[in-house]
Amino acid sequence: MNKIGLIIRREYLSRVKNRTFLLTTFLMPLLIVLFIAGAIFISIKGREELKIAVVDNNHFFQNNLKGSGDIKFSFPTDVDTSNYLQKGYSAIMIIPKFEGFQHTEYIIRSKKSIGLGSEEVIENRINAAIEDNLLQQSGISRNQLDSIHLKSQFAKLKSYQEHGNRTEESNQTLAYGIGYSCGILIYIIMLIYGMMVLRGVMEEKTSRIAEVMVSSVKPFELMMGKIVGIGAVGLTQFLLWVVLIIVLTSSVQAFIPHETLLQIQELQKHNGNLSGGGMMQTSESAQQIYNIKHVLGTANWPLIISCFGFYFLGGYLFYAALFAAVGSVVEDIQSSQTLTLPVTMPIIFSFLIMSIVVYSPDTPLAVWASMIPFSSPIVMLTRVAYGVPGTVPYWQLILSMLLLIAGFLFTTWMAGKIYRTGILLYGKKISWREMWKWAFRQS
Amino acid sequence: MKMLEVKQLKKYFATQKAVDDISFSLERGSIFGLLGPNGAGKTTLIRMITGIFYPDEGEILFDGKRFDPQSDVVNIGYMPEERGLYKKMKIGEQAVYLAQLKGLSKHEAVEKVKKWFVKFEMQSWWNKKIEDLSKGMGQKLQFVITVLHQPKLIILDEPFSGLDPVNSNLIKNEIFELAKNGSTVIFSTHRMEQVEEICDHIILVNLGKKILDGSVTQIKKDFKENKFSIQLSAMPGQLSGPSFDLIEHNDNKLVVHIRDGHTGNDVLQYFLQQQIGIEAFNEILPSLNEIFIKEVEGTKATTRAFQAIT
Numbered sequence: 000m001n002k003i004g005l006i007i008r009r010e011y012l013s014r015v016k017n018r019t020f021l022l023t024t025f026l027m028p029l030l031i032v033l034f035i036a037g038a039i040f041i042s043i044k045g046r047e048e049l050k051i052a053v054v055d056n057n058h059f060f061q062n063n064l065k066g067s068g069d070i071k072f073s074f075p076t077d078v079d080t081s082n083y084l085q086k087g088y089s090a091i092m093i094i095p096k097f098e099g100f101q102h103t104e105y106i107i108r109s110k111k112s113i114g115l116g117s118e119e120v121i122e123n124r125i126n127a128a129i130e131d132n133l134l135q136q137s138g139i140s141r142n143q144l145d146s147i148h149l150k151s152q153f154a155k156l157k158s159y160q161e162h163g164n165r166t167e168e169s170n171q172t173l174a175y176g177i178g179y180s181c182g183i184l185i186y187i188i189m190l191i192y193g194m195m196v197l198r199g200v201m202e203e204k205t206s207r208i209a210e211v212m213v214s215s216v217k218p219f220e221l222m223m224g225k226i227v228g229i230g231a232v233g234l235t236q237f238l239l240w241v242v243l244i245i246v247l248t249s250s251v252q253a254f255i256p257h258e259t260l261l262q263i264q265e266l267q268k269h270n271g272n273l274s275g276g277g278m279m280q281t282s283e284s285a286q287q288i289y290n291i292k293h294v295l296g297t298a299n300w301p302l303i304i305s306c307f308g309f310y311f312l313g314g315y316l317f318y319a320a321l322f323a324a325v326g327s328v329v330e331d332i333q334s335s336q337t338l339t340l341p342v343t344m345p346i347i348f349s350f351l352i353m354s355i356v357v358y359s360p361d362t363p364l365a366v367w368a369s370m371i372p373f374s375s376p377i378v379m380l381t382r383v384a385y386g387v388p389g390t391v392p393y394w395q396l397i398l399s400m401l402l403l404i405a406g407f408l409f410t411t412w413m414a415g416k417i418y419r420t421g422i423l424l425y426g427k428k429i430s431w432r433e434m435w436k437w438a439f440r441q442s
Numbered sequence: 000m001k002m003l004e005v006k007q008l009k010k011y012f013a014t015q016k017a018v019d020d021i022s023f024s025l026e027r028g029s030i031f032g033l034l035g036p037n038g039a040g041k042t043t044l045i046r047m048i049t050g051i052f053y054p055d056e057g058e059i060l061f062d063g064k065r066f067d068p069q070s071d072v073v074n075i076g077y078m079p080e081e082r083g084l085y086k087k088m089k090i091g092e093q094a095v096y097l098a099q100l101k102g103l104s105k106h107e108a109v110e111k112v113k114k115w116f117v118k119f120e121m122q123s124w125w126n127k128k129i130e131d132l133s134k135g136m137g138q139k140l141q142f143v144i145t146v147l148h149q150p151k152l153i154i155l156d157e158p159f160s161g162l163d164p165v166n167s168n169l170i171k172n173e174i175f176e177l178a179k180n181g182s183t184v185i186f187s188t189h190r191m192e193q194v195e196e197i198c199d200h201i202i203l204v205n206l207g208k209k210i211l212d213g214s215v216t217q218i219k220k221d222f223k224e225n226k227f228s229i230q231l232s233a234m235p236g237q238l239s240g241p242s243f244d245l246i247e248h249n250d251n252k253l254v255v256h257i258r259d260g261h262t263g264n265d266v267l268q269y270f271l272q273q274q275i276g277i278e279a280f281n282e283i284l285p286s287l288n289e290i291f292i293k294e295v296e297g298t299k300a301t302t303r304a305f306q307a308i309t
């Protein structure tokens with residue numbers, strides 16, 4: 000068996016046979032779910048709760064001003080600017096008497112500063128109330144107003160994109176969801192596995208087996224064996240998660256009553272619209288499940304999954320080489336931190352760029368970030384979720400892939416030279432400047 | 000045919016000339032001592048022989064052919080001074096892994112590991128982890144791993160450090176066995192008394208250059224100081240004569256230096272004439288330790304300065 004193969008096998012087995020491997024594989028999705036749930040929980044709890052006492056000198060907002068979310072309007076009679084706080088209100092809003100409805104300034108006083116978001120909501124609510132009032136004044140009754148409001152909520156945009164000579168249904172919310180999740184996933188994976196490579200490469204130094212190993216295999220073979228072996232562990236974990244998800248979703252399906260399943264099939268046959276009384280008969284849950292399936296079906300899954308696979312591998316190889324280079328020159332985790340910084344910074348930065356690109360995937364920033372190998376694994380995948388070749392023309396995708404390949408070939412070559420010198424060096428504190436010299440100086 | 004030939008080897012680093020034109024050769028089956036003070040260039044030299052470093056100049060002939068690290072490493076066993084093993088790996092597994100990296104098939108590797116474990120009474124260690132071993136046990140294990148694949152050339156750098164007398168003896172006997180069976184051994188150490196015991200041939204390296212090269216007996220003869228020890232049956236009346244200088248005496252035991260132009264017989268005659276019996280008379284050859292110190296002391300080797308490369 001050739002030597003790299005032996006090393007890969009050893010690295011892979013020693014990590015997979017470890018009890019902590021199974022533990023983390025099954026705990027990690029749980030942690031991610033908790034993380035997302037926690038984030039949502041905090042964003043809800045984090046909303047400002049405002050009880051606003053309104054002093055309305057025009058006497059009509061009382062019936063028209065509706066609160067929203069955590070912002071509530073009350074119209075007490077005995078409150079003024081000197082006692083609103085004692086009475087338990089967070090703010091007092093004074094509406095002056097006015098003639099006509101031109102640009103008028105409404106004053107709001109509070110002890111704590113009111114957030115930007117809340118200010119916007121208050122303004123919106125006031126404008127809505129004014130609009131309602133104007134409509135009522137021009138003859139529309141309250142009831143008519145209410146039913147109009149209800150009916151006008153029915154518009155749902157269904158977008159279709161041109162793909163050559165056919166149009167396909169596209170769904171922006173889905174694209175956003177997929178793009179964002181893929182971005183987060185690759186980000187987390189690269190950080191975790193990058194660190195694993197760092198610690199793995201340090202193992203030879205800390206256990207002082209480096210010289211023994213290097214007398215049997217070439218340093219480059221040792222480095223590649225470690226990178227590929229650890230990558231294989233990552234791949235295995237990922238596949239286990241996929242299996243887990245499939246098992247979970249199919250077991251959830253088993254809980255759906257047979258009736259509902261039949262209804263879903265009907266809906267699928269008629270593309271979501273059943274004639275006559277058909278729609279009334281299908282249960283709400285069947286419709287919901289159908290909608291979910293339908294929406295999920297609009298995404299180009301083969302493309303997304305293969306791109307995910309490519310960028311996952313490419314991004315891993317690109318950054319793993321850099322982590323390996325750092326690992327070969329340090330002897331303990333503490334000293335590695337200053338050196339790892341220039342490697343983790345681009346990853347974190349790419350994540351930030353991704354969170355902007357996911358809203359507008361076709362800006363120059365998005366295009367550039369999806370080309371540069373440092374950020375392309377995270378950013379390009381987000382853009383791909385919006386559709387190829389719609390948002391991402393074929394040439395951009397291919398160029399980005401080629402650049403990533405060139406990128407990891409370069410970092411691997413550079414890391415090989417650094418690793419070869421660093422792995423046998425003990426006691427000196429190495430800087431990136433010195434590592435650069437090892438890589439590019441003619442030896 | 001010579002097992003190893005090293006010709007005009009040079010290796011310069013940015014800060015010093017680690018190996019500066021060294022040549023030597025080894026006969027098959029010999030035990031060869033590589034000596035020198037710290038910083039002399041021994042480790043760099045060894046790393047070039049094992050293929051870890053590439054020489055800047057010079058050539059290495061391994062078993063008559065040009066040294067090719069790719070194919071020749073399977074015939075070399077190297078136990079470096081800076082040694083260790085994967086802490087969390089099981090011992091048996093690790094020995095097999097390292098043997099496989101040296102080209103043995105899995106089956107062969109397992110067989111050989113088992114054989115050596117029995118020889119060194121290490122069978123119970125198979126499933127233990129490296130971190131469970133004491134230092135001495137670890138050294139023993141490392142030695143086994145080094146010689147497992149029956150290499151033609153074995154390089155041992157301070158193999159006895161950390162071993163108690165029993166284990167040291169064990170290893171020493173193994174080294175003799177291996178040499179008898181045709182392996183060539185390069186042995187690097189600072190413990191000169193071991194060198195005298197074990198090695199046939201030595202070279203002394205200092206500041207990147209070779210300063211001594213020869214068999215142990217030859218070198219000792221080269222450095223002889225004409226010192227002799229005499230044990231007499233009684234205290235002599237006279238203790239100075241034309242043929243010798245008295246260096247020290249301890250009752251009946253004398254250490255003398257025979258002057259140039261005189262022989263041992265002259266000295267013996269001197270005492271015989273005094274009617275004193277001679278109980279013992281032999282040459283004191285300098286120890287390698289003394290030779291080492293003599294050659295190296297004062298050459299600023301121990302705190303080696305960094306030199307500019309011209």
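For the record, the sequence lines run as chains A and B. Residue 40 in numbering that gives the first Met the number 0 sits at position 41 of the first sequence, with consecutive numbering throughout. Residue 134 in numbering that gives the first Met the number 0 sits at position 135 of the second sequence, with consecutive numbering throughout. Glycine included, C-beta positions come from ideal geometry on N, C-alpha and C.
Are residue i and residue j close, meaning C-beta to C-beta below 9 Å?
i                : j                : result
Leu302 (chain A) : Val387 (chain A) : yes
Met413 (chain A) : Ala384 (chain A) : no
Ile90 (chain B)  : Ile129 (chain B) : yes
Ile277 (chain B) : Phe175 (chain B) : no
Met222 (chain A) : Tyr393 (chain A) : no
Val54 (chain A)  : Ile94 (chain A)  : yes
Arg27 (chain B)  : Lys1 (chain B)   : yes
Asn166 (chain B) : Gln138 (chain B) : yes
Leu147 (chain B) : Ala94 (chain B)  : yes
Glu157 (chain B) : Ser133 (chain B) : no
Leu295 (chain A) : Thr410 (chain A) : no
Can you give me the Cβ contacts of residue i inside the same chain, cut-off strictly under 6 Å, excluding the 5 residues immediately before and after it?
i                : result
Ser369 (chain A) : Ser375, Val378, Met379, Arg382 and Ser399
Leu287 (chain B) : Met191, Val194 and Glu195
Gln236 (chain A) : Thr24
Ile290 (chain B) : Phe222
Ile263 (chain A) : Ala285, Ile288 and Tyr289
Ser442 (chain A) : Interpretation of Ser442 (chain A) is limited by its pLDDT of 46, a score under 50 that renders its predicted location unreliable; no figure is taken from the coordinates.
Is any beta-carbon of chain A found at less than 9 Å from that of residue i?
i                : result
Glu81 (chain B)  : yes
Lys87 (chain B)  : yes
Thr188 (chain B) : no
Ile21 (chain B)  : no
Tyr269 (chain B) : no
Thr301 (chain B) : In this predicted model, Thr301 (chain B) has a pLDDT of only 48, less than 50, meaning its place in the structure is not dependable enough to derive any value.
Val184 (chain B) : no
Gln141 (chain B) : yes
Pro68 (chain B)  : yes
Closer than 9 Å, CB to CB, is residue i near chain B or not?
i                : result
Leu239 (chain A) : no
Leu5 (chain A)   : yes
Ile226 (chain A) : no
Arg382 (chain A) : no
Lys2 (chain A)   : yes
Within its chain, find whatever has a CB closer than 7 Å to the CB of residue i; leave out the 5 residues flanking it on each side and keep chain order.
i                : result
Ile177 (chain A) : Ala298, Ile303 and Ala384
Tyr175 (chain A) : Val357
Pro235 (chain B) : Phe270, Gln273 and Ile275
Thr301 (chain B) : Residue confidence for Thr301 (chain B) is low, a pLDDT of 48 falling below 50, so the modelled location carries little weight; the figure read from the coordinates is stated next. Same-chain partners within the cutoff: Pro36 and Asn37.
Going along the chain, which residues of its own chain have a beta-carbon closer than 8 Å to the beta-carbon of residue i, five neighbours each way excluded?
i                : result
Lys65 (chain A)  : Phe72, Arg124, Ala127 and Ala128
Ala209 (chain A) : Glu203, Ile422 and Leu423
Thr145 (chain B) : Gly76, Tyr77, Met78, Ile153 and Leu155
Val15 (chain A)  : Val232 and Thr235
- Could you tell me which uninterrupted beta strand (DSSP E) segments, each at least 3 residues in length, are contained entirely in the stretch 229–301 of chain B, listed from first to last along the chain? 243–249, 252–257 and 277–283
- With contact counted as at least three CB pairs below 8 Å, one residue from each stretch, are the stretch 308–326 of chain A and the stretch 182–198 of chain A in contact? yes
- Item | 4-residue-minimum alpha helix (DSSP H) runs that sit fully inside the stretch 314–400 of chain A, ordered along the chain | 332–356, 363–368 and 375–383
- Do the stretch 150–169 of chain B and the stretch 8–16 of chain B meet, that is, are 3 or more Cβ pairs less than 8 Å apart? no
- Specify whether the stretch 225–235 of chain B and the stretch 248–260 of chain B touch according to this definition: at least 3 beta carbon pairs, one from each stretch, less than 8 Å apart. yes
- Query: How do the stretch 16–30 of chain A and the stretch 82–90 of chain A stand: do at least 3 beta-carbon pairs fall below 8 Å, yes or no?
  - Reply: no
- Message: For a minimum of 4 consecutive residues, which ranges assigned as the alpha helix (DSSP H) are wholly contained in the stretch 203–247 of chain A?
- Response: 209–213
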